Amino acid sequence: AQRVTQPEKLLSVFKGAPVELKCNYSYSGSPELFWYVQYSRQRLQLLLRHISRESIKGFTADLNKGETSFHLKKPFAQEEDSAMYYCALRILTGGGNKLTFGTGTQLKVEL
Amino acid sequence: DTAVSQTPKYLVTQMGNDKSIKCEQNLGHDTMYWYKQDSKKFLKIMFSYNNKELIINETVPNRFSPKSPDKAHLNLHINSLELGDSAVYFCASSEGRDTDTQYFGPGTRLTVL
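Same order as they appear, the protein sequences are chains A and B.
Each residue of the first sequence is one higher than the one before, counting from 1 in our numbering.
Each residue of the second sequence is one higher than the one before, counting from 1001 in our numbering.
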């Protein structure tokens, strides 16, 4: 069965420091991975997808199939980055589109 | 305008009661979902509907019955509520059953006493 693991429940960094939120997955098929973010009192929203190879709000994530990882990185953390981050694996089943989420990492950026 | 909305935002009820949570999306999407987020923030899919048809049912107790009167609405009815049902329930939608981006509602915090 597919699984997404985010080993850190809480990550606290200082403003301006580099950030790396870890995500590992387990899936026998071809993975599609995403990062979703939930800011305080806001709804969960898509941050980025590995297929797009994009940088959003300074965040990037590279899919490493050898290490089965999709870590989220940002070189310089900003206060507004404080939020809950979820890594998700998408599986296309015969029935449709299923997202399996990790347990999330709370990022706290301190001044 | 709110894209995916849920009512109520908070729901506090006694064990054994029956309750419903409503979800509506105005994005014109074909596919809608219900997720449950437990006290440890673990987010897990429960159901998915595409054009009013159930397409994903993730071994959820049959006390939970989703209903989709039209493709813009997906309601969740829960019978005989148990303490373990306390969680935040999120509704989401996507353009189609194979579309990767899902848009989430604000969540409904259900507390069963």
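Heads up, the beta-carbon is just placed ideally off N, CA and C, and yes, glycines get one too.
Predicted model, so just to flag it, every value in this text is computed and none were measured.
Burial state of residue i (16 or more Cβ within 10 Å)
| i | result |
| --- | --- |
| THR1059 (chain B) | exposed |
| TYR1114 (chain B) | With chain B covering only 1001 through 1113, there is no way to say anything about residue 1114 (chain B). |
| THR93 (chain A) | exposed |
| ASP1085 (chain B) | buried |
| LYS15 (chain A) | exposed |
| VAL1004 (chain B) | buried |
| ALA1092 (chain B) | buried |
| PHE76 (chain A) | exposed |
| GLU54 (chain A) | exposed |
| VAL1112 (chain B) | buried |
| GLN38 (chain A) | buried |
| LEU1081 (chain B) | buried |
| SER1094 (chain B) | buried |
| PRO1066 (chain B) | buried |
| ASN1062 (chain B) | exposed |
Per DSSP, cross-strand counterpart(s) of residue i
| i | result |
| --- | --- |
| PHE1064 (chain B) | B:ILE1078 |
| HIS1073 (chain B) | B:GLU1024 and B:ASP1070 |
| ALA77 (chain A) | None; ALA77 (chain A) has no bridge partner. |
| GLN1006 (chain B) | B:CYS1023 |
| ALA1092 (chain B) | B:TYR1033 and B:PHE1104 |
| LYS98 (chain A) | A:ILE91 |
For residue i, the three-state DSSP class (helix, strand or coil)
| i | result |
| --- | --- |
| SER52 (chain A) | helix |
| LEU44 (chain A) | coil |
| LEU1113 (chain B) | coil |
| GLU1053 (chain B) | strand |
| GLU8 (chain A) | coil |
| LEU111 (chain A) | coil |
| LEU1122 (chain B) | Absent from the structure is residue 1122 (chain B), since the part of chain B shown begins at 1001 and ends at 1113. |
| TYR1017 (chain B) | Note that residue 1017 (chain B) corresponds to Asn in the displayed sequence, not to Tyr. The answer is coil: DSSP assigns ASN1017 (chain B) none of H, G, I, E or B. |
| TYR36 (chain A) | strand |
| SER69 (chain A) | strand |
| LYS1044 (chain B) | strand |
| CYS87 (chain A) | strand |
| ARG1097 (chain B) | coil |
| ALA1 (chain A) | coil |
| GLU1058 (chain B) | coil |
Contact set between residue i and chain A, taken where Cβ atoms lie within less than 8 angstroms
| i | result |
| --- | --- |
| SER1005 (chain B) | Going along chain A, no residue has its Cβ under 8 angstroms from SER1005 (chain B), so there is no contact; the nearest lies around 10 angstroms. |
| LYS1040 (chain B) | THR103 |
Chain B contact residues for residue i, given Cβ-Cβ distances below 7 angstroms
| i | result |
| --- | --- |
| LEU46 (chain A) | THR1101 |
Interface partners of residue i on chain A, CB under 7 angstroms
| i | result |
| --- | --- |
| GLY1105 (chain B) | ARG43 |
| LEU1043 (chain B) | TYR86 and PHE101 |
Contacts of residue i in chain A (Cβ-Cβ under 9 angstroms)
| i | result |
| --- | --- |
| ILE1021 (chain B) | The contacting residues do not exist; ILE1021 (chain B) stays about 15 angstroms from chain A at best. |
| THR1031 (chain B) | GLY96 and ASN97 |
Cross-chain neighbours of residue i in chain B, by beta carbon under 8 angstroms
| i | result |
| --- | --- |
| ARG49 (chain A) | ASP1100 and THR1101 |
Chain B contacts from the region 86-108 of chain A (Cβ-Cβ distance under 9 angstroms) = TYR86, ALA88, ARG90, LEU92, THR93, GLY94, GLY95, GLY96, ASN97, LYS98, LEU99, THR100, PHE101, GLY102, THR103, GLY104 and GLN106
key: Selection of the region 18-32 of chain A by Cβ proximity to chain B, strictly under 8 angstroms   = GLU32
inquiry  = To be precise: take each residue of the region 1074-1096 of chain B, compare its Cβ to all Cβ atoms of chain A, and keep it if any distance is under 7 angstroms. Which residues remain?
reply    = Answer set for the region 1074-1096 of chain B: PHE1090 and SER1094.
Contacting positions in the region 1047-1070 of chain B - beta carbon closer than 7 angstroms to chain A = SER1048, ASN1050, ILE1055 and ILE1056
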